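Q: Let me begin by handing over the structure; questions about it come next.
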Amino acid sequence: MKSTIHIDLGRTLGAIDRNLFGGFAEHLGRCIYGGLYDPESPRADARGFRTDVLAALRRLRMPVLRYPGGNFVSGYRWRDGVGPRDARPARLDLAWHDVEPNAFGTNEFVQVCREIGAEPYLAVNCGDGDMREARDWVEYCNGTEPTALVKLRQSHGFEAPHRVIYWGIGNEVDGPWQIGAKTPEEYARAFTEFGKAMKWVDGSIKLLASATSFWDPSFVERGQLLLEQASDLVDYMAIHWYVGNRENDFNRYMALSEFFEQRLRAYEGLISAMRLARNIQRPIPIAVDEWNVWYRSDNENKLEEVYNLEDALVVAMQLNAFIRHASTVKMANLAQIVNVIAPVVTNREGLFLQTIYHPFELYSRLCGNTSLDLYSDGDTFDGGSSAGVPVLDVAGSLDAARSQVALFVVNRTQDAETDVELRLASGQFTGPVQVTEVNGPDIKAANSFDEPDLVKALPTRTLPVGPDGPVVHLTLAPHSVTVITSRVA
Ligand code: AHR
């Protein structure tokens, strides 16, 4: 296989928001209890937080973390999770048919965020909760006046406000599986009233509207009504998706890049049309605030998905799509972070890193601040209903201050290597050209406690910068994710 990636440093697609590398933690299975929080573990600190999990998450450099759900939030009472632990009530969790002990709540979550350098993003209950509860939560977290709720927070040991910037109103309200699911009209109205009251408590917060997750035909009307009625309150239109390889068809799975493009383009178009129709001056970005591979596990095994190498390629392809759409996608949250459809898996004594951890870690570490409009030509493949899909899925970034490019390349072949030419339209690579590849023995290889490093990031190699400065040649291994960085002049 052969391919050329054309890089024109003057052709950029917009600023890359660091929040593309966000995460999501839900009260579900072993994400919180046994994941982030496990006082019985020898790896727990005095607060019960898993120090090894926090260290693994720090390496992912997630700038924002969404919580507490997910479906869970549509039956959650935040007051149950604050104050003295022995007085916190256990409640039925109807989303995941479990008992929620409430030993971990808002203040523990904010502490975890501060430990890993993430901004907290709280989703309020717009299922069986009301706007009073939602605006009280904003006041409890962010209030500075000597009100009862601020004094309550202070009596819980948190003198200073948490300054939570990001607030979502509801979760997947379009899904019949949701407690308190809403029609497009009901949600547009609820969002407006919740949002108004929440912003009156703290005008500096940013609101995320639960725009679409089900992708039934009403997604158009949902977006339309939200932007007709509340464009001055919506700071992000939040969309969700999960993908998988149920057919066990590698080519079809690899062609999902077309599906990501289709959804992002459609949603961008919807927002653009509404801005034009309603003369909305402010840009309204997209937050893909739940995304991942998820198709094998369910509530029976509490979503403990085991990821293989091909899933890691698809995770990289989703990150590539977000980078390519950086002008409109300003937040994305990998769902989730620990044990539940997650890059990190724990037992009481330790953890291992799933395949999907590795591309995420590399991308988050090496991505620059401006998206490059790359063009690649070369061999193609057919997958599912898509024909002529380029073998390489590519995205790129430029960090102008450091004159550094980063190229993110997924080689979607099962057996063949791909010879790649990186060609700068002008200027030259000044090196060092550093190449880091995520790979494993075969597309079905998965990590485990017994074999934690079957799929991993291989040691970074440095390529010589040839005499022909604008061109670099390299060979990509089959089924690989590769990040290439170089200074350019
Ligand atoms: O992340 C798991 C679940 O997926 C979330 O609770 C829900 O929002 C989505 O359907």
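Residues are numbered in the numbering used here as their position in the sequence shown, beginning at 1, plus a constant of 4.
Backbone N, C-alpha and C define an ideal beta-carbon position, used for all residues, glycine too.
All figures in this text were calculated on a predicted structure; none of them were measured in a lab.
Can you tell me which of the three DSSP states Y170 falls into?
A: Of the three classes helix, strand and coil, the one that applies to Y170 here is strand, per DSSP.
Q: Suppose the cutoff is 8 Å on Cβ atoms and the five residues either side in sequence are ignored; what does the same chain contact list for Q408 look like?
A: Counting only Cβ-Cβ distances below 8 Å, and skipping sequence neighbours, we find G372, L402, T489, S490, R491 and V492.
Q: Can you have a look at A391 and say buried or exposed, based on whether 16 or more other CB atoms are within 10 angstroms of its CB?
A: exposed
Q: Provide the residue span of the beta strand (DSSP E) that contains R465, from first to last.
A: R465 to L467
Q: Can you tell me whether P188 is helix, strand or coil according to DSSP?
A: helix
Q: Mind reading off the beta-carbon distance from G87 to H31? Whole number of angstroms is fine, and I expect it under 8 Å.
A: Not a contact, Cβ separation roughly 17 Å.
Q: Quick one, which of N111, L40, G133 and P67 has its alpha-carbon nearest F76's?
A: G133
Q: Looking at the secondary structure, which residues open and close the alpha helix (DSSP H) in which V57 lies?
A: T55 to L64
Q: Apart from the five residues just before and just after L98, which ones in its own chain have a Cβ nearer than 8 Å to its Cβ?
A: Excluding residues within five positions, the ones whose Cβ falls inside 8 Å are G79 and I183.
Q: Relative to the C-alpha of K334, which residue among D423, Y311 and K210 is closest?
A: Considering only alpha carbons, the answer is K210.
Q: Relative to the ligand AHR, is the shortest distance from any of its heavy atoms to the C-beta of G133 smaller than 7 Å?
A: no
Q: Let me check you understand the geometry: is the CB of I345 closer than 7 Å to at least one non-hydrogen atom of the ligand AHR?
A: Checking the Cβ of I345 against the ligand AHR gives yes.
Q: Once you ignore the five residues that flank L24 on each side, which residues in its own chain have a CB closer than 8 Å to its CB?
A: Close CB contacts of L24 within its chain, under the 8 Å cut and outside five residues either way in sequence, are with L323, F326, I327, A330, V333, K334, M335, A336 and C371 (chain order).
Q: Which partner residues of Y367 appear in the DSSP bridge assignment?
A: For Y367, which the question treats as bridged, DSSP gives no partner whatsoever.
Q: What do you reckon, are the CB atoms on T350 and V344 nearer than 8 Å?
A: no
Q: Rounded to whole angstroms, what's the CA-CA distance from I243 to G473? Just pull it up for me.
A: 42 Å
Q: Starting from V318, follow the alpha helix (DSSP H) in both directions and report where the run begins and ends.
A: L313 to R328
Q: Which value, in whole angstroms, describes the spacing of the CA atoms of R269 and T148?
A: Taking the straight line joining both Cα atoms gives about 41 Å.
Q: Just checking my contact of I9 with A429 at CB under 8 Å: how many whole Å lie between their CB atoms?
A: For I9 against A429, the beta-carbon gap comes to about 11 Å, at or over 8 Å, which does not count as contact.
Q: Less than 8 Å separating the beta-carbons of V439 and T464?
A: Yes, Cβ-Cβ distance for V439 and T464 is below 8 Å.
Q: Which residues in the same chain have their Cβ closer than 7 Å to the Cβ of G199, if we skip the five residues on either side of it in sequence?
A: I173, L211, A234 and L237
Q: Indicate whether the contact test is met: 3 or more Cβ pairs, each with one atom in the segment 479–487 and one in the segment 413–420, closer than 8 Å.
A: yes
Q: Enumerated in chain order, which unbroken segments of the beta strand (DSSP E) with a length of 3 residues or greater are wholly contained in the segment 122–151?
A: 123–128
Q: From this set, L13, Q340 and K6, which residue's C-alpha is nearest Q432's C-alpha?
A: L13
Q: Is any heavy atom of the ligand AHR found at a distance shorter than 7 Å from the C-beta of G354?
A: no
Q: Note down, one range per segment and in chain order, each beta strand (DSSP E) of at least 3 residues found wholly within the segment 197–279.
A: 210–216 and 240–247
Q: Say whether the segment 151–169 touches the segment 108–116, bearing in mind that this needs 3 or more beta-carbon pairs closer than 8 Å, one atom from each stretch.
A: yes
Q: For K155 and C130, I'd like the C-alpha separation in whole angstroms.
A: 25 Å
Q: If you draw a straight line from the alpha carbon of Q228 to that of R282, how long is it in whole angstroms?
A: 10 Å
Q: In or out: S45 buried (at least 16 other Cβ within 10 Å) or exposed?
A: buried
Q: I'd like the span of the beta strand (DSSP E) that includes F412, first residue to last.
A: Q408 to N415
Q: Bridge partners of S7, per DSSP?
A: G382 and V424
Q: Go through its chain and collect everything with a Cβ distance to Y299's Cβ below 6 Å, but skip five positions before and after it.
A: G248 and R250
Q: Over what stretch of residues does the alpha helix (DSSP H) that includes E112 continue unbroken?
A: T110 to I120
Q: For the ligand AHR, is there a heavy atom less than 7 Å away from the beta-carbon of H31?
A: Taking non-hydrogen atoms of the ligand AHR into account, the C-beta of H31 is found less than 7 Å away from none of them.
Q: Does the contact criterion of 3 or more C-beta pairs under 8 Å hold for the segment 445–455 versus the segment 310–320?
A: Output reads yes: the segment 310–320 touches the segment 445–455.
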